[in-house]
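Taking it in order: structure first as structure tokens, then the write-up.
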Amino acid sequence: TFDIDLLYGAQHKLKLSNEFEVNGLIGLLQKVDKSFKVTQEGHYRAVNNKGFLVELIKKTPEAPFKVESQVISSRKDDLKAVETEGLKWLDNAPSFHKTAIAEDGTPVNLVVPDPRYFALNKLWISQKDDRDPVKKPRDLQQAKVIASIAVNYLGLPFDDDFLRVFPESIRKNLPDLIDTNPASESLDMLFP
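Numbering (the working numbering), first residue to last: 1 to 192.
Pasting the structure below:
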């Protein structure tokens, strides 16, 4: 896809560097690509001149009346986090650590949510009635690819012990999600 969503945890007390406090997320993005701009003042989305989007999202608070900060820096033209339903699983997912190799051969340490949580979150999104019908098939395909990688390449099972925290509405669709054939179409699309 041509976007990345950054999950902002307003409930976590994080000490940011003075440089980040002054320059903000948009300043960090502009260090990588000077063409990044916030799409409009007070918005959660930045875009560069090639159309690549960065969106700053956060989970909906447990208590609906609770108001959490959307601001991550003192910079007035910085991105503001937008609440997105269904991020509770990803926000509470255990961290998954792996080392990947970049195109230039440099090792890159990845710390991401457990990929099974991501797959189930994308499955849930693909089933939502109010989801953009154009995005639903992509969401389901992403869920299948990540689930297949988790099972076939990372050895992470979708067993009863793991699934016990997820609602029945998600668990009942698991057989359609997991393809135990590593040569599946979805993986061929990801690794041509």
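Every residue, glycine too, gets a C-beta built ideally from N, C-alpha and C.
- What does Asn109 pair with, by DSSP beta-bridge criteria? Thr99
- Does any heavy atom of the ligand NAD sit closer than 7 angstroms to the C-beta of Asn92? This structure simply doesn't include the ligand NAD, nor any ligand for that matter.
- Query: In its own chain, which residues sit with a C-beta less than 6 angstroms from the C-beta of Ala183, not counting the 5 before and 5 after it?
  - Reply: Caution is warranted here: a pLDDT of 46 is assigned to Ala183, below 50, making its placement in the model unreliable, and the coordinate value is therefore given only provisionally. For Ala183, where only same-chain residues beyond five positions count, there are no Cβ hits under 6 angstroms.
- May I ask you to list the residues that DSSP assigns as paired with Glu83? Lys58
- Roughly how many angstroms lie between the CA atoms of Ile4 and Leu53, to the nearest whole one? 6 angstroms
- Could you tell me which residues DSSP pairs with Asp5 in its beta bridges? Glu55
- What do you get for Lys144, buried or exposed, if any count of 16 or more other CB atoms within 10 angstroms of its CB means buried? buried
- CB contact flag (Leu110, Ala100, <8 angstroms): yes
- Query: Quick check: the stretch 133–151 against the stretch 160–169, are there 3 or more CB pairs under 8 angstroms?
  - Reply: no
- Item | Local conformation of Ala93 per DSSP, three classes | coil
- Can you tell me whether DSSP reads Arg45 as helix, strand or coil? strand
- Message: Given this structure, state the Cα-to-Cα distance separating Phe96 from Asp132, to the nearest angstrom.
- Response: 30 angstroms
- From the DSSP output, read off the bridge partner residues of Lys37. Val47
- Task: Determine the burial state of Pro115: buried for a count of at least 16 other Cβ atoms within 10 Å of its Cβ, exposed for fewer.
- Result: buried
- Item | Coarse secondary structure for Val148, derived from DSSP in three states | In the sequence under discussion, the amino acid at residue 148 is Ser, which differs from the Val named in the question. Three-state DSSP puts Ser148 in a helix.
- Message: Given this structure, state the Cα-to-Cα distance separating Tyr153 from Gly105, to the nearest angstrom.
- Response: 21 angstroms
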